[in-house]
Amino acid sequence: MRQFIQDIAENNHYQATHLLQILRQIQSRYHYIPEAAIEQLSDSLNISRTQIISVIEFYSFFHLTPKGQYELLISDSITDHMLGKKDLLDYLADKLAVTVGEVREDGLVSLDNTSCTGMCDQGPAGLVNGYALTRLDRPACDKIAELINRQKPLNEWPAELFQVEDNIYKSGLLLNRQIKQGAALSSTFSRGVKETLKEIDKSGLRGRGGAGFKTAIKWQFCSEEPQTERYVVCNADEGEPGTFKDRVLLNSYADQVFEGMTVCAAIIGAKQGFLYLRGEYLHLHDKLQDILDQRRQNGLLGNNIQNAGVDFDIEICLGAGAYICGEESALIESLEGKAGIPRNRPPYPVTQGYLGKPTVVNNVETFLAAATIAVNGGDWFADIGTEKSKGTKILSISGDCARPGIYEYPFGTTIQTILNECGAVDVLGVQVGGPSGTFISNQEFERKLAFEDLATGGSFIIFNSSRNILDAVQNFTHFFAHESCGFCTPCRVGTSLLKKQMDKIVEGHGSAGDIVALEELCQLVKNYSHCGLGQTAANPILTTLERYLGLYESQLKEISFEPGFDLDGALETARRMANRYDAGAHLAQTESEHE
Amino acid sequence: MSKTITIDGKIIPFEEGQTIMDAAMAAGIYIPHLCHQPEFTPHGSCKLCTVKVNGRNCSACTFPAMDGQDVLSETEELIDDRRKITQMLFVEGNHLCPGCEKTGNCQLQAVGYHLNMLDNHFPLFYPDREIDASHPDVMIDQSRCIFCTLCVRASQQKDGKNVFAISGRGINKHLIFNAESGLLKDTALEATDQAAHICPTGAILIKRTGYQVPIGERIYDHKQIDQVSLASSGSRPDEALPPSLAVETEHVKHGE
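Chains A and B, in that order, give the protein sequences.
Just so we're aligned: the first sequence equals residues 862 to 1456 in my numbering.
Just so we're aligned: the second sequence equals residues 97 to 352 in my numbering.
In structure tokens, the structure reads:
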């Protein structure tokens, strides 16, 4: 092991910023991070062991105790649940004789849940040793169990288990038009970088991650910073449940995304870029690396790009299972080899980002759009969309519809149009923008896709009338509690309290005051949390309370107060110890039950 | 003309580079806080110091003062919500004041008094977290940790040691100690370190000193935390430590 770790450290130039990449390799080889590895890394990277442990314990894909040689994770997204995930997980646990959340006695396999893996259009999905599994069903589970029990190496597993489809059903401005490799750069250089920034400004392009900050302004701010060492970061940590468009863009449009990053670098004067790829998309890594190599060979990355005197290169950094790293300052922390805890702002990343230097962080789709705008000009883009939302938006559509997949729509398109085209019938409501977005009911389908109406990073989950909205809300609320980084009190404690309070109501232990208490708690978490995660964590509850108050109320018992826990259930251990199961050993939940 | 901000209608001068908290403290205005101490890099995690700046919620300890800011602090809404945030800190851990030797000297408790917190409001978590009593002079009860990182910062910035770190994610966060064994006794921590005395709750305790000052004669038994906080942030450096810490440090020095 010493030599193995020594080699990894050396390959990473003993840089502490590469800690995540180093730990990924150790986890992949040993299925945990052994104590000896921590001590050795602490020496060779010259960082404290506590810093290494805090990183290991922060990310879901790192472990201090051994996982199975086959680490099997099943996606816990609501979309996977809608496709029968729970039944499948139980089936798999049974087939493999392993308890969910544990390692089988022989150490061969471990099975657990994981947050949305971005395969919502082809679930139920999972990961085996980090590689995406799609369209799981019972026969696939039988196959997987057999392969594992026969200890077949992953490269001998049938390819169809790992088959990931693009599922592009509707192309528009961006997806229709593959620009030629290098075209955006040659346009940029012949037009001039300042003029190209003007075109991007004219296009009205706003950040596609959901927040919608104007791209040209961000780039301009960064280019005006006195510090000349600057960075470009592409945020490919799409962790919002229900989102998978970046997966498709990086699978089929990566060249353009990298080109958009290079255009940005030329404009702001950056020499180094990073693609922060979520760990769940490990299957894309080698392919992307090849594209980068090819671009280097073609003079589109490296020194003196297209003889225009621009030097720029891109490095791919993989995440390790943390939704919070989609927040730009948490992402930067993660790039620096640390736990993904959002920074205090100001300063913003454009002034102090990666290693304290001016940094532009943009979404995959934003860079793709920027590259296309560099070729076609700003007006071409700005002609489409609404007044405040120019161009198109690429949606990841999943849930109850005939054709889940990728759809590109001009801003201003109504929800009804989208529902019609993807084959959704008998729709109850749509979660627009993922759990952190808005749930809209079937009374609101004339609303429009736009920053000024329904803003979205691209997640679009459809629920038909057979679904219970509260199941979805409960799933989302658990998700946020699981993904809270824990930095600030309102989110760390608040998301756990929301989970408890939501469970209490859904499980039928709620009483009169509980909905008021729930809403009060939502406001507290929303108004006082440190970053976007906490500020939106209550959205699933708030947006459904507003629309389906009656549904919540129907869960309540008709008493004025209900304890937050199951009184009789709490006595179970005592009954077992005393071997008493008579009526006297039971306690009613409320006095009224006694009567 | 010096630059000014307004806090609850009162005009306060500030210097470039100061946070709202710095400016407020210098002007004798108390904004509740637990993770902040003027001598350390601000952290901004407890969120008790949340104020409304031009209508937006900001942490006073990290947000820079800027000319003309209109800051609201002692509004009914903010006081109510600060109380709820304090209650969150109480229910998340095991803060059972009558049985805690820090009672009366505890800033978490004192903030609770200050905000007129009369109950826990939220259901208790009763976490099962570890106690490390391995060190000869210092013990740590993780169930009282509020993740303010003051011990982390004090150890790094004042003691030059880096004994502590916060590890884990979300509600599973916990304090870890820099030793191969993971035990406090194997770290470089000494009872005279500032990190051993800075805990605002009863998570880090100096052994054999707990009841040297009887209950009833402790800092917050007689003074409100706002008075203590403002006095200790005053200009005289020998008053930089709250009296309780000064007393405790004395005892340690004399080997008692």
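Cβ coordinates follow ideal geometry from the N, Cα and C atoms, glycine included.
For clarity, every value in this text was computed on a predicted model and none was experimentally measured.
By the three-class DSSP mapping on this structure, what secondary structure does residue i have?
| i | result |
| --- | --- |
| G1445 (chain A) | helix |
| F922 (chain A) | coil |
| D228 (chain B) | strand |
| F1135 (chain A) | strand |
| Q996 (chain A) | Looking at the sequence provided, one finds Arg at residue 996 (chain A) rather than Gln. Coil, per DSSP. |
| Q856 (chain A) | Residue 856 (chain A) lies beyond the range of chain A shown here (862 to 1456); nothing can be said about it. |
| R152 (chain B) | strand |
| V817 (chain A) | Nothing in the structure corresponds to residue 817 (chain A), since chain A is present only between 862 and 1456. |
| S1259 (chain A) | strand |
| K1249 (chain A) | coil |
| S331 (chain B) | Because S331 (chain B) carries a pLDDT of 36, less than 50, the predicted location of this residue cannot be relied on, and no value is offered for it. |
| N1164 (chain A) | strand |
| L933 (chain A) | strand |
| L1229 (chain A) | helix |
| Y316 (chain B) | helix |
| H270 (chain B) | strand |
| Q58 (chain B) | Lying outside 97 to 352, the shown extent of chain B, residue 58 (chain B) is not represented and no answer is given. |
| T171 (chain B) | coil |
| Q1155 (chain A) | helix |
| D948 (chain A) | helix |
| Y260 (chain B) | The amino acid at residue 260 (chain B) is misidentified as Tyr; the sequence shows Phe. Looking at F260 (chain B) - three-state DSSP - the assignment turns out to be strand. |
Go through its chain and collect everything with a Cβ distance to residue i's Cβ below 8 Å, but skip five positions before and after it.
| i | result |
| --- | --- |
| E1086 (chain A) | V1211, T1212, P1219 |
| D317 (chain B) | G200, I311 |
| Y1409 (chain A) | S1302, I1330 |
| K1251 (chain A) | S1064, G1065, L1066, R1067, F1242, A1243, I1245, F1272 |
| E1060 (chain A) | R1052, I1234, A1235, G1238, G1239 |
Please check the pair residue i and residue j, which I expect to be a contact at CB under 8 Å, by giving their CB distance rounded to whole angstroms.
| i | j | result |
| --- | --- | --- |
| G1182 (chain A) | Y920 (chain A) | 5 Å |
| R1139 (chain A) | A1097 (chain A) | 6 Å |
| I935 (chain A) | T975 (chain A) | 7 Å |
Report all residues from its chain with a CB closer than 6 Å to the CB of residue i; omit the five preceding and five following residues, and keep chain order.
| i | result |
| --- | --- |
| D289 (chain B) | D255 |
| S915 (chain A) | A1200 |
| P338 (chain B) | Note that P338 (chain B) scores 45 on pLDDT, short of 50, meaning its location in the model is unreliable; the coordinates nonetheless yield the value given after this. The residues are V324, S328. |
| M121 (chain B) | S329 |
| E1141 (chain A) | T978, G979 |
| I107 (chain B) | T100 |
| A898 (chain A) | I866, I887 |
| G1347 (chain A) | R1353 |
| S1195 (chain A) | C1186, G1201 |
| G208 (chain B) | T182 |
| I883 (chain A) | I869, N873 |
Within a Cβ cutoff of 7 Å, which residues of the same chain sit near residue i, ignoring the five residues on either side of it in sequence?
| i | result |
| --- | --- |
| E170 (chain B) | D104 |
| D1240 (chain A) | K1063 |
| Y1413 (chain A) | I1366, I1376, L1406 |
| G962 (chain A) | D973 |
| P1351 (chain A) | L1385, V1386, Y1389, S1390, G1395 |
Compare the C-alpha of residue i against each of the options and name the closest.
| i | options | result |
| --- | --- | --- |
| H1146 (chain A) | A:C1178, A:L1162, A:G1053 | A:C1178 |
| N258 (chain B) | A:K1059, A:S909, A:G1068 | A:S909 |
| S905 (chain A) | A:S889, A:I866, A:I917 | A:I866 |
| L1035 (chain A) | A:N1237, A:Q882, A:Y1413, A:H1447 | A:N1237 |
| L1008 (chain A) | A:A1231, A:L957, A:A993 | A:L957 |
| F218 (chain B) | A:K1251, A:G1130, A:K1361, A:S1297 | A:K1361 |
| R178 (chain B) | A:D1443, A:V1386, A:P1102 | A:V1386 |
| E1176 (chain A) | A:Y1137, A:G1160, A:N1164, A:Q1167 | A:Y1137 |
| P1207 (chain A) | B:T100, B:C142, B:A156, B:A123 | B:A156 |
| T1123 (chain A) | A:A1044, A:N974, A:S1190, A:T1104 | A:A1044 |
| N1028 (chain A) | A:A1231, A:V1109, A:L934 | A:V1109 |
| E1307 (chain A) | A:A1285, A:Q1277, A:T1253, A:T1317 | A:Q1277 |
| K148 (chain B) | B:E173, B:T137, B:G140 | B:E173 |
| A229 (chain B) | B:E313, B:P296, B:P194, B:L280 | B:L280 |
| Q205 (chain B) | B:Y126, B:C193, B:Q252, B:L301 | B:C193 |
Pair every Cβ in the stretch 1252 to 1262 of chain A with every Cβ in the stretch 1302 to 1321 of chain A, then say whether three or more of these pairs are closer than 8 Å.
-> Enough Cβ pairs lie closer than 8 Å, so yes.
Determine, using beta-carbon pairs with one atom in the stretch 156 to 166 of chain B and one in the stretch 182 to 189 of chain B, whether at least three such pairs fall under 8 Å.
-> The stretch 156 to 166 of chain B, when compared against the stretch 182 to 189 of chain B, does not touch it at the 8 Å Cβ threshold.
Answer yes if the stretch 1051 to 1065 of chain A comes into contact with the stretch 1183 to 1192 of chain A, meaning at least three C-beta pairs across the two stretches below 8 Å, and no otherwise.
-> The stretch 1183 to 1192 of chain A vs the stretch 1051 to 1065 of chain A: no contact.
Could you tell me whether the stretch 938 to 952 of chain A touches the stretch 980 to 1000 of chain A, using the rule of 3 or more Cβ pairs below 8 Å?
-> Counting Cβ pairs under 8 Å, three or more are found: they touch.
Are there three or more Cβ pairs, one per stretch, closer than 8 Å when the stretch 269 to 281 of chain B is compared with the stretch 143 to 159 of chain B?
-> The stretch 269 to 281 of chain B makes no contact with the stretch 143 to 159 of chain B; the number of CB pairs closer than 8 Å stays below 3.
Segment contact flag, the stretch 1434 to 1444 of chain A with the stretch 1390 to 1402 of chain A, C-beta cutoff 8 Å, min 3 pairs = These segments do not touch.
Counting pairs of Cβ atoms below 8 Å between the stretch 1262 to 1278 of chain A and the stretch 1150 to 1169 of chain A, do you hit three or more?
-> A contact is defined here as three or more CB-CB pairs under 8 Å, and the stretch 1262 to 1278 of chain A fails this definition with respect to the stretch 1150 to 1169 of chain A.
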